[in-house]
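Here's the structure we're looking at; comments come further down.
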Amino acid sequence: MAPAATTTVKAIKRDIPFSWEGKDKRGTRVKGKSLAPDEAALRADLRRQGIAPSRIKKQSQSFAKGGKVKPEDIAVFARQLATMLAAGIPMVQAFEIVGNGNEKPAMQKLVLDIKTDVEGGTSLHEALAKHPLQFDDLFVNLVQAGEQAGALESLLDKVATYKEKTEALKKKVKKALFYPAAVLVVAVVVSMILLIFVIPQFEELFKGFGADLPAFTQMIINLSRFVQHQGIFIALVVGGAVYAFMYFHKRSRKMRQTIDKAMLKFPIIGPILNKSAIARYARTLSTMFAAGVPLVEALESVAGATGNILYEDAVMKMRDEVATGQRLQRAMESTGLFPNMVIQMIAVGEESGSLDTMSGKVATFYEAEVDNAVDAMSSLLEPLIMAVLGVLVGSMVIAMYLPIFKLGAVV
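For this note's numbering, count along the sequence shown from 1 and bump the result up by 105.
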């Protein structure tokens, strides 16, 4: 009988967070944080970097798990890497400095993982492509173009500028959308507090009057009773509706198209979203074209960066038209989404061979327009918030004091 086969399962060593102190080749005291399979591996890694470790301490696992990599973290990373490479610092050492100097554990692990891949002979764009959640196709394509052209420092600088400007623009748009939502939430919360805790106190007082209450007062009291008895059911329905909306919004392209189309036509917010989409379109086009990416390929990345499905579909249609020999200016005109000024500036850029420069100027103009529009809307909504809250609170206060005024008139 043949002996039973045995299967050996190799344990996978996971990186452990360490903090360390030591001296570099010049005798300068240095310290940092690193991820390594064990203390011996970390000591060997530090010695390869020319650091003599004097103290290594294992940290809690919360260091490795904490934090989440956000788009603004990637923008900062791109700027730091561009600056260090431009200063002549070797790429692997630059990753070591950026990774160990980052206070967010998730970002530190990401940078050190990329460093490990690059040390192993992987090109930078391939190492970045292994992390699609943090580095999109546009980022990877630009880095690849920089590596192929031998101008990685300048391309990373363009990527950093692009990420900084697009993230700043996103924050402005979120700010524009936050104010109306804040007005609604504050109004609902204040109303619920009054209906659940304040109105019932007045209702107990009115029971001793022995007279009919004014219609407006009775309506508010009935509403208060309904909220008290059906409050949990209302909260569940609202919560379920919000969850269903978020679920289908992520999975249904048709729903996103409908919502994006409606938002573009919404008063005050609509113009801001339109200008934001145009600014992102122009900024991405400028960055991609300046990196030497062919126009047809650039438009594919531009489409996904607009932040609105209507503009995304329009840019993809433009890409198909440009691929058949149509000029970009004509393709933009056919969409009906771009203002005449934008089309004419792009046309000038095409004719003069400076499409990247002209689209960059368009982006700068519309980014300033979005900034001004958001500031104007904020100034408009501040008194509006006070007015809405004043009407809600004031109407309830009047409703509660009407019986008291009526009683005073009789006396």
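For each residue, glycine too, the CB sits at the ideal point set by N, CA and C.
The structure displayed is predicted, hence computed values, not measured ones.
Report buried or exposed for Met505, applying the criterion of at least 16 other Cβ atoms within 10 angstroms of its Cβ.
As a working note, residue 505 is residue 400 in the sequence shown. Counting other Cβ atoms within 10 Å of its Cβ, Met505 reaches 16 or more and is therefore classed as buried.
Take Gly171 and list the residues in its own chain whose beta-carbon comes closer than 8 Å to its own, dropping the five residues that flank it on each side.
Taking the first residue of the sequence shown as position 1, residue 171 is located at position 66. The pLDDT assigned to Gly171 is 49, lower than 50, so where the model puts this residue is not dependable, and the model offers no usable value.
Looking at Ile301 and Gln333, is the spacing between their C-beta atoms short of 8 Å?
Here the question's residue 333 lines up with position 228 in the sequence shown. Here the question's residue 301 lines up with position 196 in the sequence shown. In contact: Gln333 and Ile301 (Cβ atoms closer than 8 Å).
Mind checking whether Ile304 and Ile337 have CB atoms under 8 Å apart?
The count along the sequence shown starts at 1 and reaches residue 304 at position 199. The count along the sequence shown starts at 1 and reaches residue 337 at position 232. Inclusion of Ile304 and Ile337 in the CB contact set at 8 Å is not warranted, their separation being larger than that value.
Quick check on Ile298: buried or exposed, where buried means 16 or more other Cβ atoms within 10 Å of its Cβ?
For this step, residue 298 is matched to residue 193 along the sequence shown. Its Cβ having fewer than 16 others within 10 Å, Ile298 is exposed.
Span separating the alpha-carbon of Ile414 from that of Gln449
Translated into the one-based positions of the sequence shown, residue 414 becomes position 309. Translated into the one-based positions of the sequence shown, residue 449 becomes position 344. Roughly 24 Å between the two C-alpha positions.
Do you know how far the Cα of Met446 is from the Cα of Ala436?
Residue mapping note: residue 436 aligns to position 331 of the sequence shown, counting from 1. Residue mapping note: residue 446 aligns to position 341 of the sequence shown, counting from 1. Between Ala436 and Met446, the alpha-carbon positions lie close to 15 Å from each other.
Local conformation of Pro158 per DSSP, three classes
In the sequence shown, residue 158 corresponds to position 53, counting from 1. In the structure shown, Pro158 falls within a strand segment according to DSSP collapsed to helix, strand and coil.
Are there 16 or more other CB atoms within 10 angstroms of the CB of Tyr348, so buried, or fewer, so exposed?
In the sequence shown, counting from the first residue as 1, residue 348 sits at position 243. Exposure of Tyr348 is indicated by the presence of fewer than 16 other C-beta atoms within 10 angstroms of its C-beta.
Pro158: buried (16+ other C-beta within 10 angstroms of its C-beta) or exposed?
Against the sequence shown, residue 158 aligns to sequence position 53. Using a 10 angstroms sphere on the CB of Pro158, the tally of other CB atoms reaches 16 or more, which defines it as buried.
For Met421, which of Leu369, Ala408, Leu261, Met368 has the nearest alpha-carbon?
Position 316 of the sequence shown, counting from 1, holds the residue named residue 421. The residue with the shortest Cα to Cα distance from Met421 is Ala408.
Nonlocal neighbours in the same chain, by C-beta distance under 6 Å from Ser167, ignoring five residues either side:
Position 62 of the sequence shown, counting from 1, holds the residue named residue 167. Confidence at Ser167 is low in this model, with a pLDDT of 42, below 50, so its placement is unreliable and the value that follows should be read with caution. Closer than 6 Å at the Cβ level, and outside the excluded window around Ser167, lies no residue.
Buried versus exposed call for Gly495 [16 or more other C-beta atoms within 10 Å across all chains shown]:
As a working note, residue 495 is residue 390 in the sequence shown. Exposed, since its Cβ has fewer than 16 Cβ neighbours within 10 Å.
Which residues in the same chain have their Cβ closer than 7 Å to the Cβ of Asp241, if we skip the five residues on either side of it in sequence?
Along the sequence shown, read from residue 1 onward, the residue named residue 241 stands at position 136. Within the same chain, Asp241 has no close Cβ partners at all.
Only counting runs of 4 or more residues, tell me where the alpha helix (DSSP H) segments fall wholly within the segment 319 to 380, in order along the chain.
Runs of the alpha helix (DSSP H) spanning 4 or more residues and lying entirely within the segment 319 to 380 occur at 320 to 356, 358 to 369, in chain order.
Work out the CA separation of Phe443 and Ala523 for me, nearest whole Å.
There is no way to answer for residue 523, as the model of the chain reaches only from 106 to 516.
At which residues does the alpha helix (DSSP H) containing Glu252 begin and terminate?
For the purposes of this step, residue 252 is taken as the residue at position 147 of the sequence shown. Where Glu252 is concerned, the enclosing alpha helix (DSSP H) stretches over 242 to 254.
What does the Cβ neighbour count give for Ala109, buried or exposed, with the cut at 16 atoms within 10 Å?
The residue given as residue 109 occupies position 4 in the sequence shown. Note that Ala109 has pLDDT 40, beneath the 50 cutoff, so the model's placement of it is unreliable and the number below is only indicative. Burial call: exposed.
CB-CB under 7 Å to Leu274, same chain, minus the five flanking residues each way: which ones, in chain order?
For the purposes of this step, residue 274 is taken as the residue at position 169 of the sequence shown. Correct list, in chain order: Ser381, Ala384, Arg385, Glu472, Val475.
Cβ-Cβ separation, Gln239 to Glu201 (assumed contact under 8 Å), whole Å:
Taking the sequence shown and counting its residues from 1, one reaches residue 201 at position 96. Taking the sequence shown and counting its residues from 1, one reaches residue 239 at position 134. Not quite, the Cβ-Cβ distance comes to about 19 Å (not below 8 Å), so this is no contact.
Whether or not the segment 349 to 361 and the segment 390 to 399 are in contact is what I'm after, with contact meaning three or more pairs of Cβ atoms, one per stretch, closer than 8 Å; do they touch?
No, they do not touch.
So Ser296 is in the alpha helix (DSSP H); what residue range does that whole segment cover?
For the purposes of this step, residue 296 is taken as residue 191 along the sequence shown, with counting starting at 1. Residues 257 to 298.
Out of Ala281, Leu243, Phe244, Leu341, which one is the CA nearest neighbour of Glu487?
On the sequence shown, residue 487 is found 382 positions in, with the first residue counted as 1. Selected option, being the one with the closest Cα: Ala281.
Name the residue from Glu144, Arg160, Pro142 whose alpha carbon lies nearest to the alpha carbon of Lys136.
Sequence index remark: in the sequence shown, residue 136 carries index 31 (1-based). Of Glu144, Arg160, Pro142, the residue nearest in Cα terms is Arg160.
Distance, Cα to Cα, Trp125 vs Leu190?
Against the sequence shown, residue 125 aligns to sequence position 20. Against the sequence shown, residue 190 aligns to sequence position 85. So the alpha carbons of these two residues sit roughly 25 Å apart.
Going along the chain, which unbroken runs of the alpha helix (DSSP H) with 4 or more residues stay wholly within the segment 198 to 246?
Runs of the alpha helix (DSSP H) lying entirely within the segment 198 to 246, each at least 4 residues long, are 210 to 224, 229 to 234 in chain order.
Indicate the three-state DSSP secondary structure (helix, strand or coil) for Gly137 in the structure shown.
Here residue 137 refers to the residue found at position 32 when the sequence shown is read from its first residue. Assigned with DSSP and collapsed to three states, Gly137 falls in strand.
Straight-line Cα distance separating Met368 from Ile509
Translated into positions along the sequence shown, residue 509 becomes position 404. Translated into positions along the sequence shown, residue 368 becomes position 263. Rounded to whole angstroms, Ile509 and Met368 show a C-alpha spacing of 46 Å.
Alpha carbon to alpha carbon, how far is Val498 from Arg388? Give it in angstroms, no decimals.
Translated into the one-based positions of the sequence shown, residue 388 becomes position 283. Translated into the one-based positions of the sequence shown, residue 498 becomes position 393. Looking at the two C-alpha atoms, the distance is approximately 45 Å.
In whole angstroms, what is the alpha-carbon distance linking Thr411 and Lys511?
Within the sequence shown, numbered from 1, the residue matching residue 411 stands at position 306. Within the sequence shown, numbered from 1, the residue matching residue 511 stands at position 406. Here the alpha carbon of Thr411 sits roughly 60 Å from the alpha carbon of Lys511.
Going by DSSP, name the residue or residues bridged to Phe123.
Your numbering for residue 123 matches position 18 in the sequence shown. Looking at the DSSP assignment, Phe123 forms a beta bridge with Ser139, Lys163.
Where Ser329 falls, given that 16 or more other Cβ within 10 Å makes a residue buried
Translated into the one-based positions of the sequence shown, residue 329 becomes position 224. By the neighbour-count definition (other C-beta atoms within 10 Å, threshold 16), Ser329 is a buried residue.
Do Asn207 and Ser139 have their C-beta atoms closer together than 8 Å?
The residue given as residue 207 occupies position 102 in the sequence shown. The residue given as residue 139 occupies position 34 in the sequence shown. Contact: no.
What does the alpha-carbon distance come out to for the pair Thr112 and Pro142?
On the sequence shown, position 7 is the one that residue 112 refers to. On the sequence shown, position 37 is the one that residue 142 refers to. Confidence at Thr112 is low in this model, with a pLDDT of 31, below 50, so its placement is unreliable and the value that follows should be read with caution. Distance between the alpha carbons of Thr112 and Pro142 is about 24 Å.
Euclidean distance between Cα positions of Tyr267 and Val467
Here residue 267 refers to the residue found at position 162 of the sequence shown. Here residue 467 refers to the residue found at position 362 of the sequence shown. Roughly 14 Å between the two C-alpha positions.
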